[in-house]
Amino acid sequence: MERASVDEGPRPGRVRRVVGGIALGAGAALAAVGATLPVFVQVLSFTGDQETFTMTLWGFESSVDVQIDDVGGVRYGVPVVVAAVLLAVSAVLVLAAPRLPARFAGPTSVAAIGSAAVLTGSVWTVGQLVLVASSREDTTAVTSSAGSGMATLVVACVVALAGGVLAQHWPGQASVARPEPTGVVVYRLPDEDLPEDPEGTGGGGS
Amino acid sequence: MRQRLGVFSLLAGAVLALVGSLLPLYRQAYRLAEQLELEVTAWNVRTITGPRPESDEFRSSVQYGVPLAVAAALLVLAALFLRSRRFGAVARFLAAGVPLMLVGAAWVVLQVYLRLAEGNRRVDPITLTTPGLGLWVLAVACVVALAGGVLVQHWPDREPAPEPEPEGAVVHRLPDAEDHEQVS
Chain A
1 MERASVDEGP RPGRVRRVVG GIALGAGAAL AAVGATLPVF VQVLSFTGDQ ETFTMTLWGF
61 ESSVDVQIDD VGGVRYGVPV VVAAVLLAVS AVLVLAAPRL PARFAGPTSV AAIGSAAVLT
121 GSVWTVGQLV LVASSREDTT AVTSSAGSGM ATLVVACVVA LAGGVLAQHW PGQASVARPE
181 PTGVVVYRLP DEDLPEDPEG TGGGGS
Chain B
1 MRQRLGVFSL LAGAVLALVG SLLPLYRQAY RLAEQLELEV TAWNVRTITG PRPESDEFRS
61 SVQYGVPLAV AAALLVLAAL FLRSRRFGAV ARFLAAGVPL MLVGAAWVVL QVYLRLAEGN
121 RRVDPITLTT PGLGLWVLAV ACVVALAGGV LVQHWPDREP APEPEPEGAV VHRLPDAEDH
181 EQVS
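Heads up: the sequence lines are chains A and B, in that order.
Note that the first sequence covers residues 1 to 206 in the working numbering.
Note that the second sequence covers residues 1 to 184 in the working numbering.
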């Protein structure tokens, strides 16, 4: 209740800022979830048995117990996770903006768009990897496709970028305070004494 | 001055990103019966030694260059529109974001290289991966573009506060030789 009186009230910037902060937070959560889901799925069905081979941002997995000849060291998720952490921090900064000193405003806007941009750059490049892996010619026995993680990460990018845009102080919007009206307050009262027809066409017969 | 340096850095970052994408990111030498050495850029793979496919250059399996080129184009747009009254705010927004998009893209490329380089540590490595000049140029592009993005922002507290207008009567102190002698 106290907050409502302190807050900047119904200024248009407030709703936009809160929605932006929530979007940044949602982008962080989606990116974190997407980083654990498979970004690429390949279904092999050679001998009737279906074998699923998936790739996450941290390595390869197979549905059957086979030794995957891989050097390991897949850590494509590092920039994605870092971006998610940065997004969470910017979400907090954006949502807490009215309680922070004014000098935080500039860095907060930059953090909001910057963290969304790190996510976009890294997810896009991971997308290039997945695009190639899933566009290899499929045979009847092999079907390759992007996994649910990739879709989640793309949605995370869109949501985070939207949050980054909303959290900006665009000139002419939130930064410009509405001018206080000055001068004498004049109320116009309904006046029934005035003739309905000021031209006097009714009474001007003579 | 700061603004001009920022614009220059943004443009230099764009050029470096493009140059980096054209230079080899890493080289791979396969230790098979037949010698095979590959050079991978963000756009294609080139055979240095060994059996060649139909042509000397073939498309890289992964087109890392696409996000890099888009980032470079956006950096140029940001630099061009910074002075515009109408799009200045959008340009500063891009200048803040796009360098970090470049960082994100280059970072994943670095992770791919690091993963391949891990193969070098095998007891009997099949491939030997070495970094190329492109990786370094991309790293420099990120730093330069980030510096440019920071320089062109309007930081309210760093802008010089207007000097307070002097108030009151103007008093000039004139050299007074006699006074001086009396004091000493």
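Backbone N, C-alpha and C fix where the C-beta goes; we use that ideal spot for every residue, glycine too.
| Item | Value |
| --- | --- |
| DSSP three-state assignment for B/S84, whether helix, strand or coil | coil |
| Straight-line Cα distance separating B/V90 from A/A174 | With a pLDDT of 42 at A/A174, under the threshold of 50, the predicted position of this residue should be treated as unreliable, and no value is reported. |
| Segment limits, alpha helix (DSSP H) that includes A/G77 | G77 to L95 |
| Interface residues of chain A facing B/Y64 [CB-CB closer than 8 Å] | T125 and Q128 |
| Contact belief for B/G134 with B/G13 at Cβ below 8 Å, rounded distance in angstroms | That pair is no contact at about 15 Å. |
| Below-8 Å beta-carbon distance, B/Q111 vs any chain A residue | yes |
| Residue from A/A117, A/T120, A/H169 and A/G147 whose Cα sits closest to the Cα of B/G88 | A/H169 |
| Limits of the beta strand (DSSP E) - the one that B/P131 falls within | T127 to P131 |
| CB-CB length for A/A116 against A/A160, believed under 8 Å | 4 Å |
| Boundaries (first-last residue) of the beta strand (DSSP E) holding B/Q35 | Q35 to V40 |
| Assigned exposure category for B/G148 - 16 Cβ within 10 Å defines buried | buried |
| Proximity to A/V43 [Cα-Cα], best of A/V142, A/I22, A/A28 and A/L93 | A/V142 |
| Boundaries (first-last residue) of the alpha helix (DSSP H) holding A/Q168 | Per DSSP, A/Q168 belongs to no alpha helix (DSSP H) and is neither H nor E. |
| Min CB distance B/V108 to chain A below 8 Å | yes |
| Three-pair Cβ contact test at 8 Å for the stretch 98-114 of chain A versus the stretch 43-54 of chain A | no |
| With 16 other Cβ atoms within 10 Å as the buried cut-off, status of A/V176 | With a pLDDT of 45 at A/V176, under the threshold of 50, the predicted position of this residue should be treated as unreliable, though the coordinate-derived value follows. Classification of A/V176: exposed, given that the 10 Å Cβ count is below 16. |
| Chain-ordered residues of the stretch 16-43 of chain A with a beta carbon less than 8 Å from chain B | none |
| Beta-carbon gap between A/G163 and A/T54 smaller than 8 Å | no |
| Whole-Å CB distance - B/T47 paired with B/P24, under 8 Å assumed | Not really, about 12 Å apart at Cβ, beyond 8 Å. |
| Delimiting residues of the beta strand (DSSP E) encompassing A/S145 | V142 to A146 |
| Cutoff 8 Å: B/Q28 Cβ touching any chain A Cβ | no |
| Backbone secondary structure at A/Q42 - three-state DSSP | strand |
| Contact under 8 Å by Cβ, B/A141 with B/T129 | no |
| Listed by chain order, chain A residues near B/A105 by CB distance under 8 Å | G121, S122, W124 and T125 |
| Terminal residues of the alpha helix (DSSP H) in which B/F8 lies | R2 to L22 |
| Contacts of B/R67 in chain A (Cβ-Cβ under 8 Å) | It should be noted that the sequence gives Pro, not Arg, for residue 67 of chain B. G121, W124, T125 and Q128, listed in chain order. |
| Inter-residue spacing [alpha-carbon to alpha-carbon] between B/V66 and B/L74 | 12 Å |
| Selection from A/A88, A/G127, A/S62 and A/G77 that minimises the alpha carbon distance to A/G25 | A/A88 |
| Interface flag, A/R251 vs chain B, CB-CB below 8 Å | Coverage of chain A is limited to positions 1 through 206, which leaves residue 251 of chain A absent and any answer about it impossible. |
| Where the alpha helix (DSSP H) containing B/A29 begins and where it ends | Run containing B/A29: none in the alpha helix (DSSP H); it sits in the beta strand (DSSP E), Y26 to R31. |
| CB contact check: A/R75 to chain B, cutoff 8 Å | yes |
| Integer Cβ distance of A/R16 from A/L166, believed to fall under 8 Å | 5 Å |
| Below-8 Å beta-carbon distance, B/Q3 vs any chain A residue | no |
| Interface residues of chain A facing B/F93 [CB-CB closer than 7 Å] | I113 and Q168 |
| Start and end residues, alpha helix (DSSP H) containing A/R99 | Neither: A/R99 is in no alpha helix (DSSP H) and is coded neither H nor E. |
| A/S62 (DSSP reduced to helix, strand or coil) | strand |
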